[in-house]
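These notes concern the structure reproduced below.
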Amino acid sequence: MSELLDIAQAAVEAAQAAGADFCDAFCSDSTDVSVEVEKSSINYCATIRDQGLSVRAFVNGGQGFATVQQLTIEAARESAQRAVALARAAHPDPDFVRLPDPSEAEEVPELFDEEMAGLDAGAFVEWCLQGIDEARAVADDAIVQGGAGVGWGESALASSTGVAISKRGSSAGLSFFVIIARGDDIGTYFEQDMARRMADLEIGGVAETAAREAIRQLGSRPVPTARVPLVLGPLATMGLIGSVIGAAEADGVQRNRSWLAGREGERIASEVLTLREEPLVPAGLRSSAYDGEGVARTPRALIDRGVLTTYLHNSYTAFKAGVEPTGHAGRGGYGSSVGIGVSNLQTQPGEKTEAELISEIDEGIYVAYAGISPSSVTGEVSTTLDFGFRIENGECTTPISTTLIGSTGDELLSNIDAISSDYREEPGLILPSMRISSVQIASEG
Amino acid sequence: MRDLIENILHDARRRGASFADLRVNTGESTSISVEDGQADKVSSASRSGAGLRVLVDGAWGFAPTNSITGEELRRCLDDAMSMAKAAAGHVAEPGVVAEVEPVEDTVEATAEIDPREVPLADRVQRIYEIEQVARERDDRIVNSRANYADGVGSLIIANTFGTYIEQQSMRCSVRVAATAQSGDARQIATESEARPGGYEIARAIDPDAWAGDVADRALALLDAVPAPAGTFNVIIDPRVCGLLAHEAFGHNAEADAVWAGESILAGREGQQVCSPLVTIADDPTLKGLNGSFVYDHEGVPARRHDIVREGVLIGYLHSLETAARLGVEPNGAARAEGHQSEPIVRMSNTFIDAGDATLEEMIADTKDGLLLKGGYWGYVFTARGQFTCNVENAWAIRDGKIGQHFRNASFAGLTMEMLSRVDAVGNEISFDLGGTCGKGGQGMSVDAGGPYLRIRDVVVGGQQQAGRGQ
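Protein chains in written order, with this note's numbering: chain A, 354 to 798; chain D, 6 to 475.
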């Protein structure tokens with residue numbers, strides 16, 4: 354048993370001794386090493402070790418949650434007692450039933466890479482220098498910001514119902530933001546790569562892509578205010594998908610603050626949209642065998658041909674609803690209480706390439722990146738299409754400036770008329786492009 | 006503790022650091038969450054640690070720890086030196102810091118009621134009462150939440166110039182949210198009070214007026230219609246004005262972005278950058294606002310930062326490093342979220358100053374346009390100067406009169422272009438945007454405000470085709 358698990362279990366025992374009806378404890382010990390690039394120059398390196406634990410205790414359903422930035426048995430016991438005292442101060446919650454029982458799952462392979470965890474700052478300096486050179490090879494006036502780094506660590510979870518899990522993980526990545534300024538005409542763009550094992554990380558080409566795309570953003574212009582079709586590129590789909598899945602979290606649904614309340618089992622999107630969650634992909638960025646309460650995660654379709662198949666539950670919302678937990682308890686770290694979250698999302702690709710989808714549009718917008726995230730409560734969205742191009746006669750032409758979208762989650766999802774066959778793939782994630790047949794945009798044109 | 010800290014800084018110099026600073030941070034916080042009539046989540050957090058930063062041969066190294074012991078601080082020194090040396094030799098533009106006179110001071114927290122002296126049950130009851138008002142306002146309120154947080158902390162700031170400051174802090178915040186539903190339509194409104202101080206902040210709230218207003222706003226939005234899309238003359242309220250000052254201008258005035266070539270204000274000091282009607286400042290010395298402080302996290306005394314005076318760019322917000330790079334005096338604008346983050350340039354209380362118009366005059370003088378009220382969120386790409394502000398409400402203005410109520414609107418534009426089109430500035434300012442600003446992965450307490458402001462030809466994103474004007 355790991356030392357962290359010993360500490361977590363000591364916290365659980367202390368909370369039970371103090372009178373908790375149910376409790377769990379989470380410990381983590383992580384290290385991050387990073388190098389930062391500013392104005393095309395290396396200028397900063399950091400190594401950050403973060404240790405801490407949290408204890409969640411329930412008394413008559415009321416929840417107390419205590420955290421401390423220490424990893425000792427003594428701190429665990431003190432936090433446990435504090436959590437129980439806080440739970441007694443909370444109102445009883447008759448909707449709380451219990452914490453989940455332990456479940457069995459095979460560990461997901463390759464979430465920790467020894468080689469990656471052994472990288473030192475010198476390696477990231479080299480990656481960053483390569484990035485600066487790449488961007489400047491594209492444009493010698495490129496200004497490069499960004500950086501590279503690695504994080505690795507161990508965590509442990511124990512509960513009064515017998516959950517006892519510890520795991521290790523690592524991930525490394527690099528990202529670059531490139532600015533090309535030609536007088537008052539400014540083009541910017543960013544690119545990144547991240548992986549859990551060295552074999553999946555592509556160090557070369559990240560900054561080059563950012564620089565090439567920044568040049569493409571030069572000469573941006575407004576477009577006419579109109580209803581037009583949109584093609585959302587892979588990164589632009591992330592905000593939409595993420596916010597829709599966020600609205601499917603059972604907590605918001607049960608509390609009547611989600612626009613997807615009452616929609617489980619109903620069609621919420623065009624039938625071309627199928628979205629799967631694949632939590633067990635080896636070396637997947639968001640892979641894990643268990644959720645944040647120790648419930649085994651399961652691959653499943655979340656949206657199947659447009660139908661919302663399930664709400665996402667942690668143990669509280671599941672038992673409140675009289676269903677089994679779905680393995681979606683989310684825990685952001687020792688400082689965060691337990692919420693709801695998903696693992697790897699994969700949108701099922703369609704029949705035609707992104708280029709073919711664009712070629713079928715006479716007048717429209719290609720969105721390379723924007724945070725098109727409908728409010729989880731209202732389902733409405735009004736925001737800027739930050740990086741994109743006008744589509745004219747089947748081709749991307751000029752980059753767009755000051756162009757906003759006004760819509761709703763319902764409209765965007767039901768108007769998806771095609772998903773591209775080609776896609777961006779990150780470890781565990783599949784991100785094709787989406788075409789939305791008609792959306793209101795506003796601009797100065 | 007002081008001997009230990011000064012020994013570590015002395016060793017940093019001895020080992021080749023041209024500058025080093027150490028921040029030691031301890032504190033505790035309590036939070037209470039009430040939703041739909043149940044205060045069923047009560048939390049507390051205890052934090053402690055130190056962050057050590059060294060500048061060696063023009064390269065920065067940073068290493069924090071959660072354990073404030075001599076052994077751990079020496080490990081941090083080893084790590085920070087090793088980090089800096091890994092970067093040194095690859096630095097194209099060596100890091101520098103502006104020399105400042107050392108400061109020795111102790112700053113007490115200003116609060117009337119230490120929240121730790123208020124029984125937890127009383128704090129729970131108070132937040133329950135606030136949430137109850139929103140919940141019971143109308144049957145169409147289908148969800149209500151209130152969140153409370155207090156925090157007490159101590160921050161020691163020491164550096165190799167000889168600065169040694171012990172700064173106590175106390176903060177308190179209350180937030181309420183109400184969701185209203187009619188048919189399938191849901192609308193939400195929120196409000197928050199957040200600033201340095203103690204439990205008196207929660208106690209001073211009038212639940213009926215404060216939480217009741219939030220519920221009323223959510224209810225009113227049920228009757229609003231989707232906003233039009235197009236280009237409009239707009240009047241923005243003080244909250245939206247604060248959002249605009251912060252997002253559109255303030256981030257561009259942060260000198261780290263200026264130096265890095267990531268701000269549209271770089272190289273424009275002394276130039277006309279917006280309408281002569283516009284004066285913008287950032288002032289951490291204003292009392293009782295969410296972004297107020299006495300010393301920044303590099304130990305530089307807080308001072309008002311004049312950014313724009315009558316449309317002319319006056320200056321930027323600086324850290325020790327950016328002041329040295331741009332050859333000016335540091336002005337105390339570097340803060341860090343905690344000991345695990347390094348200080349970076351941050352705004353405090355950012356505002357557009359008052360003019361001489363009244364709201365009534367502005368509305369009466371607007372033939373076609375929109376009144377935008379209630380800033381929700383915003384963001385900016387400083388390098389392009391392109392910003393977005395999302396607002397809670399919009400109303401049509403027709404022939405000098407307020408008309409149809411709209412919901413779901415944002416406006417966006419290029420900072421200097423838009424602020425050059427300001428043609429009326431209200432004669433009263435208020436600060437009403439106390440919250441947290443995110444930058445570089447760090448959250449920071451800020452506030453923002455301003456007067457009513459009228460701007461010509463603003464692009465508004467809505468769901469209805471309207472074209473120009475209404």
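No residue lacks a Cβ here, since even glycine has one placed at the ideal position from N, Cα and C.
Proximity of residue i and residue j at Cβ, strictly below 8 Å
| i | j | result |
| --- | --- | --- |
| Val660 (chain A) | Gly694 (chain A) | no |
| Pro652 (chain A) | Glu624 (chain A) | no |
| Ala209 (chain D) | Glu391 (chain A) | no |
| Arg140 (chain D) | Ile146 (chain D) | yes |
| Ala453 (chain D) | His251 (chain D) | yes |
| Tyr542 (chain A) | Gln570 (chain A) | yes |
| Ala525 (chain A) | Leu554 (chain A) | yes |
| Leu665 (chain A) | Ala603 (chain A) | yes |
| Ala492 (chain A) | Ala564 (chain A) | yes |
| Ala260 (chain D) | Thr327 (chain D) | yes |
| Met421 (chain D) | Cys279 (chain D) | yes |
| Tyr381 (chain D) | Glu365 (chain D) | no |
| Ile772 (chain A) | Gln699 (chain A) | no |
Contact list for residue i against chain D, beta-carbon separation under 7 Å
| i | result |
| --- | --- |
| Trp612 (chain A) | Arg191 |
| Gly415 (chain A) | Asp45 |
Span separating the alpha-carbon of residue i from that of residue j
| i | j | result |
| --- | --- | --- |
| Asn336 (chain D) | Arg580 (chain A) | 48 Å |
| Asn432 (chain D) | Val283 (chain D) | 12 Å |
| Trp65 (chain D) | Gly100 (chain D) | 7 Å |
| Gln475 (chain D) | Pro233 (chain D) | Residue placement at Gln475 (chain D) cannot be trusted, given a pLDDT of 40 that sits under 50; what the coordinates show is reported in the next sentence. About 8 Å. |
| Asp8 (chain D) | Gly304 (chain D) | 18 Å |
| Arg473 (chain D) | Pro212 (chain D) | No answer about Arg473 (chain D) holds up, because its pLDDT of 48 lies below 50 and its placement is not dependable. |
| Gln276 (chain D) | Val317 (chain D) | 5 Å |
| Leu294 (chain D) | Phe392 (chain D) | 24 Å |
| Glu77 (chain D) | Gln434 (chain A) | 27 Å |
| Tyr300 (chain D) | Met352 (chain D) | 13 Å |
| Glu779 (chain A) | Pro785 (chain A) | 11 Å |
| Tyr719 (chain A) | Ala417 (chain D) | 19 Å |
| Ile539 (chain A) | Asp143 (chain D) | 50 Å |
| Asp462 (chain D) | Ala414 (chain D) | 15 Å |
| Glu122 (chain D) | Gln362 (chain A) | 32 Å |
| Ser791 (chain A) | Ser641 (chain A) | 38 Å |
| Asn548 (chain D) | Leu227 (chain D) | Any answer about residue 548 (chain D) is impossible in this case: the structure gives chain D only from 6 up to 475. |
| Ile556 (chain A) | Phe67 (chain D) | 24 Å |
| Ala229 (chain D) | Arg412 (chain D) | 6 Å |
| Ser729 (chain A) | Ser381 (chain A) | 30 Å |
8 Å Cβ cut-off: residues of chain D touching residue i
| i | result |
| --- | --- |
| Ala418 (chain A) | Checking the displayed sequence, the identity of residue 418 (chain A) turns out to be Phe instead of Ala. Within 8 Å Cβ-Cβ: Lys46, Val47, Ser48, Ser49. |
| Ser355 (chain A) | Those within 8 Å of Ser355 (chain A) in chain D number zero; the least Cβ separation is about 19 Å. |
| Arg549 (chain A) | Ordered by position in chain D, no residue passes the 8 Å Cβ test against Arg549 (chain A), which lies about 20 Å from the chain. |
| Ala442 (chain A) | Val47, Leu125, Ala126, Val129 |
Residue i: contacting residues in chain A (beta-carbon distance under 9 Å)
| i | result |
| --- | --- |
| Ile374 (chain D) | A quick correction: the sequence has Gly, not Ile, at residue 374 (chain D). Near Gly374 (chain D) there are no residues of chain A at all, since even the closest Cβ is about 15 Å away, more than 9 Å. |
| Val61 (chain D) | Within 9 Å Cβ-Cβ: nothing; Val61 (chain D) doesn't reach chain A, min ~10 Å. |
Chain-ordered chain A contacts of residue i [CB-CB under 7 Å]
| i | result |
| --- | --- |
| Arg52 (chain D) | Gln422 |
| Ala417 (chain D) | Thr737, Thr755, Leu757 |
9 Å Cβ cut-off: residues of chain D touching residue i
| i | result |
| --- | --- |
| Gln362 (chain A) | Correct list: empty, because the minimum Cβ distance to chain D is about 21 Å. |
Within chain A, the residues that residue i reaches when beta carbons sit closer than 8 Å
| i | result |
| --- | --- |
| His15 (chain D) | Near His15 (chain D) there are no residues of chain A at all, since even the closest Cβ is about 22 Å away, more than 8 Å. |
Residues of the segment 392-405 of chain A with Cβ closer than 8 Å to any Cβ of chain D, in chain order: Taking 8 Å as the Cβ-Cβ cut-off against chain D, the residues of the segment 392-405 of chain A that qualify are Lys392, Ser393, Ser394, Ile395, Asn396, Tyr397, Cys398, Ala399, Thr400, Ile401, Arg402, Asp403, Gln404, Gly405.
Does the count of Cβ pairs from the segment 560-577 of chain A and the segment 741-755 of chain A closer than 8 Å reach three? A contact exists between the segment 560-577 of chain A and the segment 741-755 of chain A.
Tell me which residues of the segment 214-242 of chain D have at least one Cβ-Cβ distance to chain A shorter than 9 Å, keeping chain order. Listed by position, the residues of the segment 214-242 of chain D near chain A (Cβ gap below 9 Å) are Leu226, Pro231, Ala232, Pro233, Ala234, Gly235, Thr236.
Kindly confirm or deny that the segment 254-270 of chain D and the segment 398-408 of chain D touch, where touching means at least three C-beta pairs closer than 8 Å. Because the criterion of three Cβ pairs below 8 Å is not met, the segment 254-270 of chain D and the segment 398-408 of chain D do not touch.
Using 8 Å as the threshold, is the segment 442-451 of chain D in touch with the segment 340-352 of chain D, meaning 3 or more CB pairs across them? Result yes; three or more Cβ-Cβ pairs closer than 8 Å.
Of the residues that make up the segment 561-580 of chain A, which ones have a beta carbon closer than 9 Å to any beta carbon in chain D? When C-beta distances to chain D are compared with 9 Å, the residues of the segment 561-580 of chain A below that value are Gln570, Ser573, Pro575, Thr578, Ala579, Arg580, in chain order.
Residues from the segment 481-509 of chain A in contact with chain D, defined by Cβ distance under 7 Å: Hits within the stretch, in order: Leu482, Ile496, Gln498.
Short-range partners of chain A found in the segment 95-128 of chain D, where Cβ spacing is below 7 Å: Under the 7 Å Cβ criterion, the segment 95-128 of chain D contributes His95, Val96, Ala97, Glu98, Gly100, Leu125, Ala126.
On the three-pair Cβ rule with 8 Å, is the segment 45-52 of chain D touching the segment 415-426 of chain A? Flag = yes, the segment 45-52 of chain D and the segment 415-426 of chain A touch.
Between the segment 680-691 of chain A and the segment 764-772 of chain A, are three or more C-beta pairs nearer than 8 Å? Proximity of the segment 680-691 of chain A to the segment 764-772 of chain A falls short of the contact definition, fewer than three beta-carbon pairs being nearer than 8 Å.
Are at least three pairs of beta-carbons, each pair with one atom in the segment 402-418 of chain A and one in the segment 366-379 of chain A, less than 8 Å apart? Under the three-pair Cβ rule at 8 Å, the segment 402-418 of chain A counts as touching the segment 366-379 of chain A.
Per the contact definition of three or more C-beta pairs closer than 8 Å, is the segment 92-108 of chain D in contact with the segment 33-47 of chain D? Contact between the segment 33-47 of chain D and the segment 92-108 of chain D is absent, because fewer than three Cβ pairs lie under 8 Å.
Examine the Cβ distances between the segment 582-591 of chain A and the segment 164-181 of chain D and report whether three or more of them are shorter than 8 Å. Contact fails: fewer than three Cβ-Cβ distances are below 8 Å.
Any C-beta of chain A within less than 8 Å: which residues of the segment 252-266 of chain D qualify? Listed in sequence order: Asp261, Trp264, Ala265, Gly266.
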